[in-house]
Amino acid sequence: MTSEQVKTKDAVTPRKSKRRWTPNIIVFACNWCSYAGADTAGVTRIEHQPHFRIIRVMCSGRIQPAFVLKAFERGADGVLVSGCHFGDCHYIFGNERAVEQFERTQRMVKLLGIEDGRLRLEWISAAEGARFAEVINEFTDQIRDLGPGPFSSRRAGSNNGKP
Amino acid sequence: MDRLTQIGKETRAWACYDCGKCTANCPIARAGAPFSPRRQVLSTNLDHREAIESNGSLGICLTCMKCDSSCPASVEYSKLVQKLREYTYREDNVGCPHGGALQSTMRMMAAGKTVQNRMDWITDDIRITSDESEVFYWTGCTMYLDAFFDELGVHSLNGTRAAISILNQHGITPIVSPSERCCGHDLLWGGDRKSFDLLAKHNVELVESSKASILVVSCAECLRTWKIDYAPYFSQRPPEILHISEFINARNNDLSFKENGDARIVTYQDPCRLGRHLEIYDAPRSVLGLLPGIELAEMHQSGKRAVCCAGSTWTNCDRYSKAIQVGRLKEAKATGASTLVTCCPKCQVHLKCAMNDPNLKEDIEIEIKDLAELVVEALD
Ligand code: FES
Chain G
1 MTSEQVKTKD AVTPRKSKRR WTPNIIVFAC NWCSYAGADT AGVTRIEHQP HFRIIRVMCS
61 GRIQPAFVLK AFERGADGVL VSGCHFGDCH YIFGNERAVE QFERTQRMVK LLGIEDGRLR
121 LEWISAAEGA RFAEVINEFT DQIRDLGPGP FSSRRAGSNN GKP
Chain S
1001 MDRLTQIGKE TRAWACYDCG KCTANCPIAR AGAPFSPRRQ VLSTNLDHRE AIESNGSLGI
1061 CLTCMKCDSS CPASVEYSKL VQKLREYTYR EDNVGCPHGG ALQSTMRMMA AGKTVQNRMD
1121 WITDDIRITS DESEVFYWTG CTMYLDAFFD ELGVHSLNGT RAAISILNQH GITPIVSPSE
1181 RCCGHDLLWG GDRKSFDLLA KHNVELVESS KASILVVSCA ECLRTWKIDY APYFSQRPPE
1241 ILHISEFINA RNNDLSFKEN GDARIVTYQD PCRLGRHLEI YDAPRSVLGL LPGIELAEMH
1301 QSGKRAVCCA GSTWTNCDRY SKAIQVGRLK EAKATGASTL VTCCPKCQVH LKCAMNDPNL
1361 KEDIEIEIKD LAELVVEALD
């Protein structure tokens, strides 16, 4: 990594004031593009914020509302749904289905009163390692600003997830 | 006494003399599923926990009470299944084809850590209030169902709006609360007593503190929950709990209908929760009788013998449920009716889903409406 790259990397590290709290983010990624994109970010050694767990599915079309709702229920602070760009889905129409499922999820999330900034849909190709890092950094910052998710055990006033 | 023996006592499972009428009457067993209510009763009596858990049929049961109503020994089979599900409950054990999305939604409401946005559907033509009124109108989760099952063309909110406008016609501006949460019916029947408990406490307190003297409910499942399952949670004398059809019957002089409505034939689907669970068979029918031009053609299996929509508690959906739904829709079509009227949003969801079968399209396609929608259409 050149010193220039190191500098840009530093620019996106978390703001000091909020450093103590690290969000829990769930990333759903399709096997053929976004997961490979995350891999590309890794092999090119692009640094990004690490506060997420990635769950690989074969295609973004598989990501049904239950996955996302369960993540929130179990305390995720943010959920990122990702897949191949339109036209690139390995299964041709999978990501179109993903959009429908995502919209359904969004409607439920809205009704439940979870802030819409906690849920995002992004298309990331296998070659876009840098973009993967960028999306993760940006989303992590956004979640940091929103604070712990409503069902997170680390939310103020919460008694560790116990009702 | 161990838990299974106790469950057997509470539900009269001990009284079973193994006649098998339950299995013979069970809609799921009749559709060909390897499912036997009788076996479940026997396993309870024999204290075979493993058999109950492992044969996989606990989730299949519709708890529609068809077997209860045919049992000569009055074994409360549906209650038995509810208790067994509670006894063997595991959160990850979701048989629902929606992957547990609805269970998660309900449990998030139970945890109650957010402020829901559940009032967006209110239109200008209906009046509601948030402070004081004689009537509290319980919307149930129709806004969630419409949001989730939008692809199926489910419009259960139409029934909710219609019920409110009926109340308005009676000169009542009901309380509709943004703090209402899921009644917990499906969690209770899925075995999640802990979450149900949270919801019950919240909802009962909400209605009690509103000081309304009447609670009007449209959804058959919510109604069952309020009338039966919430009973132990009230700290004072509960309000009068009425189904919208019971309410209309009690005050039918206040509604004025069009002189001559369009003549049409409708048929009525008794929701299992309204019918066998609460024994409300006549009230919806007499409301239909009030509507000018509407003729009710009964399905062959109606009233006490009605077949349920085969998906009451989000625990299961398979080819047997589909077969039951298709059979029911064919039965509805055979009456010559143009509309299938029901009082449960979930009947709408499941029957509409079944109608998506591309091989059967015209054979089973029929308009489905909530009872309240028909009433509003007939109003002057
Ligand atoms: S394979 Fe990537 S979205 Fe379908």
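In the order they appear, the protein sequences are chains G and S. At position 48 of the first sequence the residue is numbered 48 (my numbering), and the sequence of numbers has no breaks. At position 221 of the second sequence the residue is numbered 1221 (my numbering), and the sequence of numbers has no breaks. Beta carbons: idealized from backbone N, C-alpha and C, even for Gly. These numbers were taken from a predicted model, which means no experiment stands behind them.
The set of residues with a C-beta under 6 Å from any non-hydrogen atom of the ligand FES comprises 30/G, 32/G, 33/G, 59/G, 60/G, 61/G, 83/G, 84/G, 89/G, 90/G, 91/G, 94/G, 95/G, given in chain order.
In the structure shown, residue 99/G falls within a helical segment according to DSSP collapsed to helix, strand and coil.
Ranked by how close their Cα comes to the Cα of residue 1267/S, the residues 1216/S, 1254/S, 1333/S, 1281/S have 1333/S in first place.
DSSP places residue 1367/S inside the beta strand (DSSP E), whose first and last residues are 1367-1370. Residue state for residue 1269/S is assigned as strand, using DSSP reduced to three classes. DSSP, read as helix, strand or coil, puts residue 1022/S in helix.
Using a C-beta cut-off of 8 Å, the stretch 132-139 of chain G makes no contact with the stretch 91-108 of chain G, since fewer than three inter-stretch Cβ pairs fall below that distance.
CA-to-CA, the gap between residue 1181/S and residue 1140/S works out to about 8 Å.
Non-local beta-carbon contacts of residue 1308/S in its own chain, meaning distances under 6 Å to residues more than five positions away in sequence, involve 1062, 1064, 1272 in chain order.
When the beta-carbon positions are compared, residue 1022/S and residue 1012/S stay at least 7 Å from each other. Residues of the stretch 1196-1212 of chain S that bring their beta carbon within less than 8 Å of a beta carbon in chain G comprise 1198, in sequence order. Per DSSP, the beta bridge partners of residue 1295/S are 1265/S. In the DSSP annotation of this structure, the continuous segment of the beta strand (DSSP E) that includes residue 1137/S starts and ends at 1135-1138. The criterion of a C-beta distance shorter than 7 Å is not satisfied by residue 1269/S and residue 1219/S. For residue 1221/S, the uninterrupted alpha helix (DSSP H) run begins and ends at 1220-1224, by DSSP. A Cβ of chain G is located within less than 7 Å of the beta carbon of residue 1115/S.
Across the set 1360/S, 1108/S, 1172/S, 1345/S, the C-alpha of 1108/S shows the shortest separation from the C-alpha of residue 1194/S. Taken in chain order, the complete beta strand (DSSP E) segments of 3 residues or longer contained in the stretch 1133-1193 of chain S are 1135-1138. Residue ranges of uninterrupted alpha helix (DSSP H) with 4 or more members, entirely inside the stretch 1340-1370 of chain S and ordered along the chain, are 1345-1354, 1361-1364. By the rule that beta-carbons nearer than 7 Å mark a contact, residue 151/G touches chain S. Using a Cβ-Cβ cut-off of 7 Å, residue 148/G does not count as an interface residue toward chain S, since no Cβ of chain S sits closer than that to its own. In this structure, the straight-line span from the alpha carbon of residue 144/G to that of residue 20/G is close to 10 Å.
In the pairwise beta carbon analysis, the stretch 45-53 of chain G is classified as not touching the stretch 1075-1085 of chain S: fewer than three pairs are separated by under 8 Å.
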